[in-house]
Amino acid sequence: MKILIFPTSEAAAERVAQQILTTVRAKPQARLGLATGGTMPPVYQRLVTAYRTGQVSFAETLSLNLDEYVGLAPDHPCSYHHFMQDTLFAQTDFAPGHTHLPRGDAPDADVESARYDALIAANGPIDLQLLGLGPNGHIGFNEPSSSLASRTRVKTLTSATLAANKRYFAAGEQPPKYAITVGIGTILDAREIVLLATGPSKAKAAAQMIEGPLSAACPASSLQMHQNTTVVLDAAAAAELQ
Ligand code: F6R
């Protein structure tokens with residue numbers, strides 16, 4: 002695990018964006034594993050700027066996102082489909098048929114999980130997997146106690162995650178209790194992983210991920226087993242490292 006600490010969240014996002022751009026420039030047909038959440042817009046803004054200024058094209062790039070809320074259709078404003086369209090896909094030249102997320106509105110979430118896992122297997126391995134970090138140590142929606150060998154499946158979100166994600170929903174609207182998430186085993190199959198965590202709410206989880214024991218209690222600690230992972234932190238997220 003390579004650990005990079007930057008003074009600001011902006012500098013950390015810049016480093017991650019540069020890593021993605023380097024991957025896509027070297028391999029325009031790269032398969033990117035993408036993430037959502039409040040940490041990612043500064044990264045995606047930089048990719049959009051690079052595209053608009055002619056520094057990169059995503060026309061041949063394939064994206065496979067990590068997760069989606071069960072029950073939310075792609076046009077729901079809080080769905081991860083909507084987030085990705087809004088922050089990245091619609092602002093760049095990603096081809097619509099090349100951008101994939103699990104369907105939260107599928108009639109059977111278990112069948113949809115199996116379909117999505119097969120899609121990743123057919124297109125994999127992922128060249129570069131982008132990850133955020135949950136305050137409880139989750140990656141994707143692999144909550145504490147998730148199997149370190151898990152594949153795409155439905156997970157029940159913990160009360161901590163529901164509380165953390167409530168801020169993205171309208172007042173009075175509850176976040177869904179279930180999500181379809183790519184598993185930890187699938188994440189670890191990626192050739193390269195870059196995890197970005199910024200802000201003080203990530204400090205405890207970042208320390209457990211990097212310095213704690215390898216344990217399902219902190220799903221992100223599974224990255225200790227991966228041979229090509231870069232963890233990018235700002236100073237606030239690095240504050241509890243020894
Ligand atoms: C989102 C995802 C989650 C988030 C994590 C951090 O696709 O997989 O693991 O990366 O919950 O979310 P933010 O960035 O909102 O703090």
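Numbering (our numbering), first residue to last: 2 to 243. For glycine and all other residues, C-beta sits at the position ideal for the given N, C-alpha and C.
Per the coordinates, the alpha-carbon of Y81 lies some 7 Å from the alpha-carbon of P75. The region 13 to 24 and the region 202 to 218 do not touch, with fewer than three beta-carbon pairs separated by less than 8 Å. In chain order, E193 place their CB closer than 6 Å to the CB of N229, counting only its own chain and leaving out the 5 sequence neighbours on each side. If you look at E193, you'll find it in the beta strand (DSSP E) that goes 193 to 198.
Residue pairing by DSSP places I181 opposite E69, V155 in a beta bridge. In the DSSP annotation of this structure, the continuous segment of the alpha helix (DSSP H) that includes L163 starts and ends at 160 to 166. Relative to the ligand F6R, the beta carbon of A60 is positioned no closer than 6 Å to any heavy atom. With respect to L65, G34 sits close: the two C-beta atoms are nearer than 7 Å. For the ligand F6R, no non-hydrogen atom lies closer than 6 Å to the CB of A204. In this structure, the alpha-carbon of G213 lies about 42 Å from that of T54. Distance from the CA of I6 to the CA of I121, rounded to the nearest whole angstrom, comes to 31 Å.
Relative to the ligand F6R, the beta carbon of T40 is positioned inside 6 Å of a heavy atom.
Contiguous alpha helix (DSSP H) elements confined to the region 23 to 99 occur at 42 to 53, 81 to 88, taking only those with 4 or more residues.
For D190, the three-state secondary structure derived from DSSP is coil.
Burial state of Q209 is buried, judged by a 10 Å Cβ sphere holding 16 or more other Cβ atoms.
Looking at A36, Q46, Q243, A150, the one whose alpha-carbon comes closest to that of P103 is A36.
For the 7 Å CB-CB criterion, S10 and D235 form a contact.
Under the DSSP assignment, K205 falls outside any beta strand (DSSP E), being part of the alpha helix (DSSP H) whose first and last residues are 204 to 212.
Ranked by Cα distance from A31, the first of Q130, A14, P78 is Q130.
Taking all protein chains in view, the Cβ of P108 is surrounded by fewer than 16 other Cβ atoms within 10 Å, so the residue is classified as exposed. Rounded to whole angstroms, the Cβ separation of K3 and D128 is 17 Å, and the two are not in contact under 8 Å. At a cut-off of 6 Å, the beta-carbon of A239 does not count as near the ligand F6R: no heavy atom of the ligand is closer than that. When the five nearest sequence neighbours on each side are left out, the beta carbons in the same chain lying within less than 8 Å of the beta carbon of P145 are those of N137, G138, H139, T159, A217, A218, C219, P220, in order along the chain. Going by DSSP, D111 is part of the alpha helix (DSSP H) stretching over 110 to 124. Around the beta-carbon of V112, fewer than 16 other beta-carbon atoms lie within 10 Å, marking it exposed.
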